[in-house]
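*Asks:*
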Amino acid sequence: MTVQSAVIDGGITPYQLPWIVTRLIAIRDFLMICIGKIGGAKLLEKAFCMDELSEDDVQYAANVLKMMSAKTIWRTFESCDNYSMPKYIHTDCKYIEYWVAEKEVKDRKWDVEYIKKIFPHTVFRKIKDTGHGGLAPFKPEKFVRGIEKVIRQGDKR
3 MTVQSAVIDG GITPYQLPWI VTRLIAIRDF LMICIGKIGG AKLLEKAFCM DELSEDDVQY
63 AANVLKMMSA KTIWRTFESC DNYSMPKYIH TDCKYIEYWV AEKEVKDRKW DVEYIKKIFP
123 HTVFRKIKDT GHGGLAPFKP EKFVRGIEKV IRQGDKR
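Be aware that the sequence shown starts at 3, since it is given in our numbering, and climbs by one per residue.
(1) How far does the alpha helix (DSSP H) with I57 in it extend, from its first residue to its last?
(2) What would DSSP say about F126, mapped onto helix, strand or coil?
(3) If you draw a straight line from the alpha carbon of T4 to that of S86, how long is it in whole angstroms?
(4) According to DSSP, is D7 helix, strand or coil?
(5) DSSP three-state label for I98, please.
(6) Have a look at G148 and T132 and give me their C-alpha separation to the nearest angstrom.
(7) The alpha helix (DSSP H) that contains P139, what's its start and end?
(8) Under the DSSP definition of a beta bridge, which residues are partnered with A43?
(9) Check the C-beta distance from L137 over to K128 and give it rounded, since I have them as a contact under 8 angstroms.
(10) What residue from W101, K119, L45 and G156 has the CA that sits closest to K89's CA?
(11) For K111, which of T93, G12, S81 and M34 has the nearest alpha-carbon?
(12) Check whether the Cβ atoms of A8 and C95 lie closer than 7 angstroms to each other.
(13) Can you tell me the Cα-Cα spacing of R25 and N84, whole angstroms?
(14) For I153 versus F121, is the C-beta spacing smaller than 7 angstroms?
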């Protein structure tokens with residue numbers, strides 16, 4: 003299969019840390035989400051930066067968390083925090099964009115540097131008025147427009 007274009011949407015790259023540290027990070031993340039799940043929308047607002055979301059968006063996030071099992075939450079963080087990449091990475095993809103939310107630029111600094119090293123021709127885009135993971139669920143029209151634009155860019159190459 004030939005891939006013409008790709009989007010890495012706020013992608014968290016492999017931690018370059020010892021295994022025990024990544025395990026502790028996964029535990030911390032798991033506990034934070036579980037607390038948000040138990041406490042609902044009010045606790046989510048206190049625990050996380052939700053300033054770009056409406057009350058309805060925060061309530062939506064709380065409702066989604068209520069539907070998730072602790073096992074699913076754990077597996078999400080286990081897979082995000084503890085994965086490895088092949089030593090040599092090759093792609094024929096003609097166009098790659100890395101999207102970073104305006105409010106997470108500082109948090110993704112390490113990840114951006116990794117992507118620059120692995121995929122040096124990547125185009126980086128800052129998404130305004132959005133936090134990590136906020137584009138697709140809370141601004142789906144903007145997400146779709148961005149994806150369509152990337153597809154057109156890949157087709158041009």
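Quick reminder that beta carbons are idealized off the backbone N, C-alpha and C, glycines included. Small disclaimer: the values here were computed from a predicted structure and weren't measured.
*Replies:* Reading from the atomic positions:
(1) Locating residue 57 in the sequence shown gives position 55, counting from the first residue. With the sequence shown as reference, residue 57 is identified as Glu, and Ile is not the correct amino acid for it. Start and end: E57 to M69.
(2) Here the question's residue 126 lines up with position 124 in the sequence shown. The answer is strand: DSSP assigns F126 an E or B state.
(3) For the purposes of this step, residue 4 is identified with residue 2 of the sequence shown, where counting begins at 1. For the purposes of this step, residue 86 is identified with residue 84 of the sequence shown, where counting begins at 1. Roughly 23 angstroms separates the two Cα atoms.
(4) Working through the sequence shown from its first residue, we reach residue 7 at position 5. Note that residue 7 is Ser in the sequence shown here, rather than Asp. It is a strand residue.
(5) Here the question's residue 98 lines up with position 96 in the sequence shown. Reduced to three states, the DSSP call for I98 is strand.
(6) Counted from its first residue, the sequence shown places residue 148 at position 146. Counted from its first residue, the sequence shown places residue 132 at position 130. Their backbone Cα atoms lie some 14 angstroms apart in a straight line.
(7) Position 137 of the sequence shown, counting from 1, holds the residue named residue 139. P139 -> alpha helix (DSSP H) spans L137 to F140.
(8) As a first step, residue 43 is located in the sequence shown; it is residue number 41 there, counting from the start. According to DSSP, which records beta bridges pairwise, A43 is partnered with nothing at all.
(9) Locating residue 137 in the sequence shown gives position 135, counting from the first residue. Locating residue 128 in the sequence shown gives position 126, counting from the first residue. Not really, about 12 angstroms apart at Cβ, beyond 8 angstroms.
(10) As a first step, residue 89 is located in the sequence shown; it is residue number 87 there, counting from the start. That would be K119, whose Cα lies nearest to the Cα of K89.
(11) Along the sequence shown, one-based indexing puts residue 111 at 109. Nearest option by C-alpha distance: G12.
(12) The sequence position of residue 8 within the sequence shown is 6, counting from 1. The sequence position of residue 95 within the sequence shown is 93, counting from 1. Taking 7 angstroms as the Cβ cut-off, A8 and C95 qualify as a contacting pair.
(13) Taking the first residue of the sequence shown as 1, we reach residue 25 at position 23. Taking the first residue of the sequence shown as 1, we reach residue 84 at position 82. Distance between the alpha carbons of R25 and N84: 7 angstroms.
(14) As a position in the sequence shown, residue 153 is number 151, starting the count at 1. As a position in the sequence shown, residue 121 is number 119, starting the count at 1. No, these two residues do not count as a Cβ contact at 7 angstroms.
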